[in-house]
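J.: Below is one structure. I have some questions about it.
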């Protein structure tokens, strides 16, 4: 049996060779390889930016949608009781009518009047807490069709009073700034004092030739 050579080294018996990684073309032209890598990097950066922009747009759309949803929810909650409140307004009108007739109101027993006024104060306070405010146009205010409803016109001699409120027949109401019941008013209408014939003023006989 032959003895093993103690001086033999397997590492020396097997010769290891290593090939440099990469395309042989790149090794021949390093400048071309660098250009190619730069193009790939540029393409990756562009793709990354597109993904980033898309994500940012999606995030912005989500935030806007969430804000809009919260706004609509808040609006719904704010006006969800509009129907109930509008049904209570005639009761408030009845109090205003009673208070407006001063002669009849002052003839009523004082204790009874105080009780009615207390009930009115309670009702008015509840409505105020729920966003109801009065529309109370003053005499001389310009007629505003968004807040006023004209039930009648009254003749006025002063041209400056034309188209202005001359009397508030019934108060109006706002719910969180939205008109739910316009104020009913009479407005002034200025008419020319000269009589007209076929649309033309009729001259005084003394002025006729």
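Numbering (my numbering), first residue to last: 1330 to 1538. We treat Cβ as the ideally placed atom computed from N, Cα and C, and that holds for glycine. Keep in mind the model is a prediction, meaning the values are calculated, not measured.
With distance defined between alpha-carbon atoms, name the residue in 1415, 1363, 1498 and 1387 nearest to residue 1510.
T.: It is 1415.
J.: Going by alpha carbons, who is nearest to residue 1508 out of 1389, 1518, 1432 and 1411?
T.: The option with the nearest alpha carbon to residue 1508 is 1411.
J.: Give me whichever residues DSSP pairs with residue 1471 in a beta bridge.
T.: Residue 1471 pairs with 1493.
J.: How about residue 1465 and residue 1389: are their beta carbons less than 9 Å apart?
T.: Cβ atoms of residue 1465 and residue 1389: not closer than 9 Å.
J.: Less than 7 Å between C-beta atoms, sequence neighbours within five positions excluded: which residues of the same chain meet that for residue 1378?
T.: Around residue 1378: no qualifying Cβ.
J.: Between residue 1458 and residue 1505, what straight-line distance do the alpha-carbon atoms span, to the nearest angstrom?
T.: Answer to the nearest angstrom: the Cα atoms are 10 Å apart.
J.: For residue 1519, I'd like the list of residues in its chain whose CB is within less than 6 Å of its CB, leaving aside the five on either flank, ordered along the chain.
T.: 1485, 1488 and 1491, listed in sequence order.
J.: Alpha carbon to alpha carbon, what distance is there between residue 1400 and residue 1408?
T.: Between residue 1408 and residue 1400, the C-alpha separation is close to 12 Å.
J.: Mind checking whether residue 1417 and residue 1452 have CB atoms under 9 Å apart?
T.: Contact: yes.
J.: Do you know how far the Cα of residue 1443 is from the Cα of residue 1404?
T.: Each residue's Cα considered, the two are about 37 Å apart.
J.: Looking at residue 1429 and residue 1463, is the spacing between their C-beta atoms short of 9 Å?
T.: No, the Cβ-Cβ distance between residue 1463 and residue 1429 is not below 9 Å.
J.: Take residue 1423 as the anchor and find which of 1402, 1448, 1514 and 1361 has the nearest alpha-carbon.
T.: Checking every option, the nearest Cα to that of residue 1423 belongs to 1448.
J.: Measure the alpha-carbon distance for residue 1514 versus residue 1426 and round it to whole angstroms.
T.: C-alpha separation (whole angstroms): 14 Å.
J.: In whole angstroms, what separates the C-alpha of residue 1395 from that of residue 1419?
T.: Computed Cα separation, rounded: 38 Å.
J.: Skipping 5 residues on each side, what residues in its chain have a beta carbon closer than 8 Å to that of residue 1495?
T.: Closer than 8 Å at Cβ, skipping near neighbours: 1468, 1483, 1485, 1514, 1515, 1516 and 1517.
J.: First and last residue of the alpha helix (DSSP H) that includes residue 1483?
T.: No alpha helix (DSSP H) holds residue 1483; the beta strand (DSSP E) holding it covers 1477-1485.
J.: Around the Cβ of residue 1366, are there at least 16 other Cβ atoms within 10 angstroms (buried) or fewer (exposed)?
T.: Residue 1366 comes out exposed.
J.: Give the DSSP-derived three-state secondary structure of residue 1520 in the structure shown.
T.: Three-state result, residue 1520: coil.
J.: Kindly indicate which residue of 1391, 1480 and 1476 has the alpha-carbon position closest to the one of residue 1503.
T.: Of the listed residues, the one whose Cα sits closest to residue 1503 is 1476.
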